[in-house]
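Residue numbers (this note's numbering): 377 to 728.
Structure (structure tokens):
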């Protein structure tokens with residue numbers, strides 16, 4: 377039976393910089409060092425972590441995080457903000473996109489990964505379902521969010537966090553949540569839209585036991601066997617590089633995916649997530665444009681879209697023509713050309 381690598385850290389909590397640096401190293405190990413796929417299960421210190429394309433200042437109350445001693449950072453995968461409390465399992469998984477089960481783009485990857493987590497919850501008698509774009513839910517309430525990035529050649533990094541227990545008052549204390557994102561689902565508070573394993577079971581469970589169940593469900597899905605592993609010297613150096621250059625860098629944490637000068641903003645809730653477009657115009661032509669939000673894409677694809685839209689007339693037909701020149705399926709997961717066009721036109725109407 378094929379042997380894959382398993383890195384487990386259940387007996388300590390790590391900072392976002394440490395945990396995310398290990399995760400970012402996984403696909404590089406697969407591509408550059410020919411490592412078998414690697415599963416990393418661990419726990420964060422109390423943290424707030426935004427998705428790659430989010431504006432952290434729009435997502436979090438930074439001053440309040442500082443006052444409460446809550447870590448905050450930006451991960452390398454897309455999606456929305458996650459609050460990591462003491463009893464949540466963080467999961468990073470690096471695998472080659474050439475693996476037979478990794479076909480079908482981000483949608484196919486989410487199908488496989490959600491199936492593993494649904495089986496994990498099922499082992500505890502919890503019936504979960506996958507809700508597009510990227511949530512696992514139990515009785516209509518979110519219990520986990522999935523995230524992925526395919527920026528590392530032919531390898532992918534998959535992320536998720538599984539809530540065992542959760543501090544909803546803390547979330548309300550430190551998050552800025554757009555009303556549009558909450559109320560379109562018909563909920564009036566977080567407690568009505570989120571749940572945890574312990575809430576569903578009515579009793580406490582051990583983190584180590586949940587991690588072991590996840591491991592076994594991965595083995596069943598891929599028909600492999602995990603061997604406990606540790607980081608190689610090369611991987612340790614790679615982790616240190618990511619931690620220093622990325623997760624300790626204000627340039628990364630407060631990254632360029634939000635504008636440094638006044639632009640018109642278009643905010644649109646889509647099946648792929650909350651889409652934010654910032655735009656500046658020069659004589660009815662797009663001078664600069666930035667696309668942000670809690671969707672899934674790659675930095676390369678976003679740069680391609682933004683570059684192709686530059687100097688395009690702000691007319692529906694012209695924008696759609698420029699987008700169709702570079703568009704392919706799931707370029708931005710769950711977003712199509714008409715939807716992005718609508719957001720761009722909305723932003724242009726708000727230019728001052």
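The beta-carbon is built from N, C-alpha and C at its ideal position, and this holds for glycine as well.
- Going straight from the alpha carbon of residue 645 to that of residue 651, what length do you get? Per the coordinates, the alpha-carbon of residue 645 lies some 6 Å from the alpha-carbon of residue 651.
Just how far apart, CA to CA, sit residue 718 and residue 621? Near 37 Å, if we compare the C-alpha coordinates of residue 621 and residue 718.
Are the Cβ atoms of residue 429 and residue 671 separated by less than 8 Å? In this structure, residue 671 lies closer than 8 Å to residue 429 by Cβ.
- Task: Compute the beta-carbon to beta-carbon distance between residue 424 and residue 550, rounded to the nearest angstrom, for a pair I have assumed lies under 8 Å.
- Result: Indeed they touch by this definition, with Cβ atoms about 6 Å apart.
Under 7 Å Cβ to Cβ from residue 610, same chain only, skipping five residues before and after it: list those, please. Here the set comprises 409.
Q. Under a three-way DSSP split, which group does residue 631 fall into?
A. For residue 631, the three-state secondary structure derived from DSSP is coil.
Would you mind sorting residue 419 into buried or exposed? The rule is 16 or more other CB atoms within 10 Å of its CB.
By the neighbour-count rule (16 or more Cβ atoms within 10 Å), residue 419 is buried.
**Prompt:** Would you say residue 552 and residue 643 are within 8 Å of each other, going by their C-beta atoms?
**Reply:** The Cβ-Cβ distance between residue 552 and residue 643 does not fall below 8 Å.
Check: Given that a residue counts as buried once 16 or more other Cβ atoms are within 10 Å of its Cβ, and exposed if not, what is residue 478?
Finding: Under a 10 Å Cβ-count criterion, residue 478 is classified as buried, with 16 or more other Cβ atoms of the shown protein chains found around its own Cβ.
- prompt: What residue range is occupied by the uninterrupted beta strand (DSSP E) comprising residue 703?
  reply: No residue range can be given for residue 703, since it is assigned to no beta strand (DSSP E) and is classified by DSSP as neither H nor E.
Close-in-space but distant-in-sequence residues of the same chain around residue 529 (CB under 7 Å, 5 per side omitted): Closer than 7 Å at the Cβ level, and outside the excluded window around residue 529, lie 407.
Alpha carbon of residue 403 to alpha carbon of residue 684, nearest angstrom: For residue 403 and residue 684, the distance between alpha carbons rounds to 29 Å.
### Query
For residue 606, is the classification buried or exposed, using 16 other Cβ atoms within 10 angstroms of its Cβ as the cut-off for buried?
For residue 606, the number of other beta carbons within 10 angstroms of its own is below 16, and it is reported as exposed.
Counting pairs of beta carbons, one from the region 461-473 and one from the region 384-404, are three or more of them closer than 8 Å?
-> Short answer: they touch.
What's the C-alpha gap between residue 422 and residue 595? Taking the straight line joining both Cα atoms gives about 29 Å.
inquiry  = Excluding the 5 residues flanking residue 458 on each side, which residues of the same chain have their C-beta closer than 7 Å to its C-beta?
reply    = Setting aside the 5 residues that flank it on each side, residue 458 is surrounded in the same chain by 425, 521 and 537, each with a C-beta closer than 7 Å to its C-beta; the list follows chain order.
Check: Since residue 496 is in the alpha helix (DSSP H), which residue starts that stretch and which ends it?
Finding: Counting along the chain, the alpha helix (DSSP H) containing residue 496 begins and ends at 481-498.
Does the beta-carbon distance from residue 687 to residue 720 come in below 8 Å? The Cβ-Cβ distance between residue 687 and residue 720 does not fall below 8 Å.
Chain D beta carbons: is any one of them nearer than 8 Å to that of residue 404?
Absent from the structure is chain D; it holds one protein chain and no more.
(Q) Please report the distance separating the alpha-carbon of residue 389 from that of residue 583. (A) One Cα belongs to residue 389, the other to residue 583, and the distance between them is close to 12 Å.
Original post:
Does the Cβ-Cβ distance between residue 524 and residue 513 come in under 8 Å?
Top reply: No.
Quiz prompt | Reference residue 691; option with closest CA among 660, 665 and 647 | solution = Measuring from the Cα of residue 691, the nearest candidate turns out to be 660.
message: Going by C-alpha to C-alpha distance, which of 713, 455 and 415 sits closest to residue 381?
response: For the residues 713, 455 and 415, the minimum Cα distance to residue 381 belongs to 415.
**Item:** Nearest-angstrom Cα separation, counted from residue 631 out to residue 565
**Value:** Since pLDDT at residue 565 reaches only 46, below the 50 mark, its modelled position is unreliable, and the value read off the structure follows with that caveat. Here the alpha carbons of residue 631 and residue 565 stand approximately 29 Å from one another.
key: Backbone secondary structure at residue 472 - three-state DSSP   = Note: residue 472 maps to strand in three-state DSSP.
What first and last residue would you give for the beta strand (DSSP E) that runs through residue 604? Unbroken beta strand (DSSP E) run through residue 604: 601-604.
### Message
Tell me which residue opens and which closes the alpha helix (DSSP H) that residue 684 is part of.
### Response
Residue 684 -> alpha helix (DSSP H) spans 675-685.
Which residues DSSP lists as bridging residue 414, in chain order:
DSSP lists 381 and 470 as partners of residue 414.
Note to self: Taking 8 Å as the threshold (C-beta atoms), are residue 629 and residue 450 in contact?
What the structure shows: Contact: yes.
Legend entry - For residue 570 and residue 699, the rounded distance between their alpha carbons: Residue 699 and residue 570 have their C-alpha atoms roughly 36 Å apart.
Look up residue 718 in the DSSP assignment and say whether it is helix, strand or coil. Looking at residue 718 - three-state DSSP - the assignment turns out to be helix.
Excluding the 5 residues flanking residue 682 on each side, which residues of the same chain have their C-beta closer than 8 Å to its C-beta? Closer than 8 Å at the Cβ level, and outside the excluded window around residue 682, lie 665, 666 and 667.
Residue 563 - DSSP class collapsed to helix/strand/coil: The predicted model places residue 563 with a pLDDT of 36, which falls under 50 and marks its position as unreliable; any figure quoted below should be read in that light. For residue 563, the three-state secondary structure derived from DSSP is coil.
**Prompt:** Between residue 539 and residue 573, is the Cβ-Cβ spacing less than 8 Å?
**Reply:** It is a contact, given that the beta carbons lie within the stated cut-off.
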